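Trainee: So the sequence shown is residues 1281 to 1635, counted in the working numbering. All C-beta atoms in this analysis are idealised placements derived from N, C-alpha and C, irrespective of residue type, glycine included. These numbers come from a predicted model, not from an experiment.
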Amino acid sequence: LTSRASAIQRGLPRILQLNSIDYGVACGGGSDSIKTPNNNNYIRTNKILLNTRNIHASPNPYKKNQFIPSPFARRSTIKISENFFVHRELKQGDMVHGIRRYLLIPRTDGNTYHDFELNPPAEENVIASLNANRNILFGAQLNVTNDEKENDDYVHQYLAACGSLLDIAKEDASINGQQVQALATLNGLCSWVKECLDKDGEGSEVLTGLMHGEGQRPTKLKTQKENKAPIGKRAGQTIKNASAALHLRKEADRINMLDAIRAIATGEPRPGHSVVGAGTYRDGEVGWMALAREYSQLATTDAVTLDASFVGRKGLEEMALYKSRDGEVTKIEHLAHTQPEYLREAGGAMARLFF
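#1: Where K1611 and L1417 are concerned, what is the direct C-alpha to C-alpha distance, given to the nearest angstrom?
#2: Since R1550 and D1539 should fall inside the 8 Å C-beta cutoff, what is the C-beta to C-beta distance between them, to a whole number of angstroms?
#3: Cα separation between A1579 and P1400?
#4: Per DSSP, which one or two residues make a beta bridge with R1380?
#5: Out of Q1437, S1444, L1469, which one is the CA nearest neighbour of H1367?
#6: Since Q1461 is in the beta strand (DSSP E), which residue starts that stretch and which ends it?
#7: Could you compute how far the alpha carbon of L1615 sits from the alpha carbon of I1455?
#8: Quick one, are the C-beta atoms of G1547 and V1556 less than 8 Å apart?
#9: Is D1539 helix, strand or coil by DSSP?
#10: For R1542, which residues from the same chain have a beta carbon less than 7 Å from its beta carbon, with the 5 sequence-adjacent residues on both sides left out?
#11: Once the 5 residues before and after H1492 are set aside, which same chain residues still bring their CB inside 8 Å of it?
#12: Rank P1349, S1350, K1450 by C-alpha distance to the C-alpha of F1634 and give the top, closest one.
#13: How many angstroms separate the CA atom of Y1434 from the CA atom of L1383?
#14: Can you give the beta carbon distance from I1385 to I1358, rounded, assuming they're within the 8 Å contact cut?
#15: Could you tell me which residues DSSP pairs with P1400 in its beta bridges?
#16: Go through its chain and collect everything with a Cβ distance to A1464's Cβ below 7 Å, but skip five positions before and after it.
#17: Give me the Cα-Cα distance between M1569 and R1387, rounded to the nearest whole angstrom.
#18: Could you tell me which residues DSSP puts in a beta bridge with T1357?
#19: Please look up how many angstroms separate the CB atoms of G1564 and M1537, rounded, as I've assumed it's under 8 Å.
#20: Within 10 angstroms of the Cβ of S1554, are there 16 or more other Cβ atoms? Answer buried if so, exposed if not.
#21: Closest by CA to L1410, which one among Y1561, E1404, L1422?
#22: Specify the secondary structure class of R1624 as computed by DSSP and reduced to three states.
#23: What are the boundary residues of the beta strand (DSSP E) that T1610 is part of?
#24: Go to R1632, then tell me how far its beta strand (DSSP E) extends in each direction, as first and last residue.
#25: Less than 8 Å separating the beta-carbons of E1608 and S1484?
#26: If you draw a straight line from the alpha carbon of N1467 to that of Y1622, how long is it in whole angstroms?
#27: Span of the alpha helix (DSSP H) holding H1436?
#28: Report yes if the CB atom of L1596 is closer than 8 Å to the CB atom of V1473, and no otherwise.
#29: Relative to the C-alpha of A1462, which candidate in G1489, C1470, N1415, Q1437 has its C-alpha closest?
#30: DSSP state of A1616, grouped into three classes?
#31: So which of A1402, Q1577, L1439 has the shortest CA-CA distance to A1420?
#32: Return helix, strand or coil for L1417, following the three-state DSSP convention.
#33: Suppose the cutoff is 6 Å on Cβ atoms and the five residues either side in sequence are ignored; what does the same chain contact list for L1370 look like?
#34: Measuring CA to CA, which of K1594, A1453, N1426, S1361 is closest to P1351?
#35: Restricting to Cα atoms, I'd like to know which of T1425, R1534, C1442 is closest to L1487.
#36: Does L1571 come out as helix, strand or coil in the three-state DSSP assignment?
Here is the structure:
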């Protein structure tokens, strides 16, 4: 399923039907095991080697495929192993690179990719999914219940299952020569900030500086502009890495930002305010983005073994997934997703990565 050897462990718990996808936000997810209505036996996914997929691109790709033939040039469903298919589901009619989903589907007795060409796979049979819009990927998730996400092997299986989709989605999204990007959720960001606040900033350089009044001007994060990608990977592209240092000119600005950050993290309005509203997010924007970038650095993974111990913190599985395929954080998007649940989870922040 990928260019690196790995396998999904045995025994995925059952898959629940997916809720309707909000294609404006990436929803994090994870994995375990499944049981399909067409098969009384549990699907054994440990047989999938991540370096065995065989994609048959069309010898006569579409005219616009000037760089890399799409793996879906001949059909919307491709076989990636003896046990699994990947199906590309379009959400805007015939717009091949508009809004779409990539679905990981088990191969059960008797079904072939021709079956999915005529009848889209039932949601209860979908193991994992990944959303895309043009060259931007988001919303990698595994179809499991919240209780199943607590299992010890959840992260490992999430990375293995969604990694297979990511490899194919990256290939498909780059056929016009566009730079493939991803938007990753930062689930758990608010909880992490609250923990650091309770410990007087310990665990966060950004909060330590804000809480103890360290530093003076300038008002924005320092950046290093010399980190250029090697030739052949992202030739000529400059990745700006923001440091953890956050300096403010005035003491009043520091206190105002700290109060706003505390309100965003806890959901409790600032003194003198009745709600955590637009003004709070505006006053805390620079500091919250610095914290989000710092938090994103906790997501690391071993791309070969997919060892869950490398993820760093629960909630960063999607970030770890993209990083395992050489994704680099280029920017934090402030208020990228403003549904109430995600505001409580991460203050609306998402990370943009380039591959």
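Mentor: Let me spell this out:
#1: 15 Å
#2: 5 Å
#3: 34 Å
#4: L1370, A1412
#5: S1444
#6: 1461 to 1465
#7: 30 Å
#8: yes
#9: helix
#10: L1477
#11: G1481
#12: K1450
#13: 19 Å
#14: Their Cβ separation, rounded to whole angstroms, is 11 Å, which puts I1385 and I1358 out of contact at 8 Å.
#15: Per DSSP, none; premise fails for P1400.
#16: A1306, E1598, M1599, Y1602, M1630, A1631, L1633
#17: 43 Å
#18: H1367
#19: 6 Å
#20: exposed
#21: L1422
#22: helix
#23: 1608 to 1613
#24: 1630 to 1634
#25: no
#26: 8 Å
#27: 1434 to 1453
#28: no
#29: N1415
#30: coil
#31: L1439
#32: strand
#33: R1380
#34: A1453
#35: R1534
#36: helix
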